[in-house]
């Protein structure tokens, strides 16, 4: 119980305090959300990605195991969410948003700050989260985007949009420099490291701002099913895959925790852009983020017990 209390105090309260501050400030000053989003996407997340990958000591076989986990877990979520949408008789627009809400998780401005706090003294845990983030970006701008645009058959735009995301280039650049053992001069490394350090606070304030004006009138069946799929089913599948692959230690902890993160804001963005029940999508992002204070705390606690 002491470990659970420490997780709440040292991880969850700092995170949700910044989310609450972001919501309050946005209600007071009306932030330009487009600017905040671009600041995170085009500067802060790439910087975090670059720093962690460049400094990581992850071996190739470990990376293969992580990718194997992500493929198995996410394929299971894709199949199960599609079956649930079919049996629940959701229309095509609702089905698209529901599937995205279950499969796409917020590994950027929620998951990465959580991992930075949980694995403060184990950098490999943050590196695992970086790999999960890259994989989720790929999944978002392929499966997630195709899910949304296919409702109106507007064509497959995933590759073009994915290639616009700077995270992938930060990853490739960091890998190249690391493989070639290229040292980065202090005058360049200092601003890169400082930018990466700014990520956690700004990302969580942004998430709070995104949630500031969302209203919840009732817990509809699609919303309840999304919450169950994202916050309960996903970590359960994650645990099963971890056991199947015989993973342990910090890597198992990081992957188990990453499987429990709330619904991605991209699910809401896609729903708004293509008219696929945007209010329901926004509600799912907000409520799953709030409920994750309990579910992610529980997952972090279990990860400590099962894989320490």
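In the numbering used here, the protein residues as written are -9 to 298. Here a beta-carbon is modelled for each residue, glycine too, at the ideal position from N, C-alpha and C.
field: Beta-carbon separation (whole angstroms), residue 160 vs residue 39, contact threshold 8 Å
entry: That belief holds up - the Cβ atoms of residue 160 and residue 39 are roughly 4 Å apart, short of 8 Å.
- prompt: If residue 250 and residue 204 are in contact, beta carbons under 8 Å, what's the gap, nearest whole angstrom?
  reply: Between the beta-carbon of residue 250 and that of residue 204 there is about 21 Å, and that puts the pair past the 8 Å contact cut.
Integer Cβ distance of residue 76 from residue 137, believed to fall under 8 Å: Wrong, their Cβ atoms sit about 14 Å apart, outside the cutoff.
message: Using CA atoms only, rank isn't needed, just tell me which of 282, 257, 259, 243 is closest to residue 298.
response: Taking residue 298 as reference, the option from 282, 257, 259, 243 with the minimal CA-CA separation is 243.
task: Would you check if there are 3 or more beta carbon pairs closer than 8 Å linking the stretch 153 to 169 to the stretch 26 to 42?
output: In short, these stretches touch, since the Cβ pair count reaches three.
query: Does the Cβ of residue 175 have 16 or more other Cβ atoms within 10 Å, making it buried, or fewer, making it exposed?
result: The residue in question, residue 175, is exposed, as its Cβ has fewer than 16 Cβ neighbours within 10 Å.
- prompt: When you compare only the Cα positions, how much space is there between residue 140 and residue 126?
  reply: It is roughly 20 Å from the alpha-carbon of residue 140 to the alpha-carbon of residue 126.
- request: List in chain order: all unbroken alpha helix (DSSP H) runs of 4+ residues lying wholly within the stretch 164 to 218.
  value: Complete alpha helix (DSSP H) runs here, min 4: 176 to 200, 211 to 218.
Unbroken stretches of the alpha helix (DSSP H), 4 residues or longer, contained in the stretch 69 to 151: Entirely contained in the stretch 69 to 151, the alpha helix (DSSP H) runs reaching 4 residues are, in chain order, 82 to 93, 101 to 108, 113 to 129, 135 to 139.
field: Per DSSP, the bridge partner or partners of residue 253
entry: BP columns for residue 253 point to 95.
field: Helix, strand or coil at residue 265 [DSSP, three-state]
entry: Coil.
query: What do you get for residue 117, buried or exposed, if any count of 16 or more other CB atoms within 10 angstroms of its CB means buried?
result: Buried.
message: Classify residue 177: buried if its beta carbon has 16 or more other beta carbons within 10 angstroms, exposed otherwise.
response: Residue 177 should be labelled exposed.
task: State yes or no: is the C-beta of residue 199 within less than 7 Å of the C-beta of residue 16?
output: With respect to the 7 Å criterion, residue 199 and residue 16 are classified as neighbours on the basis of their beta carbons.
Rounded separation between residue 208 and residue 8 - CA only: For residue 208 and residue 8, the gap between their C-alpha atoms comes out near 26 Å.
- request: Determine the closest residue to residue 253 out of 285, 133, 91, 166, with distance taken between C-alpha atoms.
  value: The candidate whose alpha carbon is nearest that of residue 253 is 91.
query: Is the shortest distance between the beta-carbon of residue 4 and the beta-carbons of chain D less than 7 Å?
result: Of the protein chains in the structure, only one exists, and it is not chain D.
- request: Run the CB neighbour count on residue 220, radius 10 Å, all protein chains shown included, and call it buried at 16 or more, exposed below.
  value: Buried is the call here.
- request: Can you give me the start and stop residues for the alpha helix (DSSP H) that residue 11 sits inside?
  value: Its alpha helix (DSSP H) spans residues 3 to 19.
- request: Evaluate residue -5 with the Cβ neighbour count: other Cβ atoms within 10 Å of its Cβ, from every protein chain shown; 16 or more gives buried, anything less gives exposed.
  value: Its Cβ having fewer than 16 others within 10 Å, residue -5 is exposed.
task: Please name the residue in 0, 292, 14, 1 whose C-alpha comes closest to that of residue 195.
output: The shortest Cα separation from residue 195 among 0, 292, 14, 1 belongs to 14.
Residue 173, buried or exposed, once every other Cβ within 10 Å from all chains shown has been counted against 16: Exposed, by the Cβ-count rule.
For residue 100 and residue 197, believed in contact at Cβ under 8 Å, the rounded distance: Sure, about 6 Å apart at Cβ, within 8 Å.
- prompt: Is residue 115 near residue 240, with beta carbons less than 7 Å apart?
  reply: Taking C-beta atoms as the reference points, residue 115 and residue 240 count as a pair closer than 7 Å.
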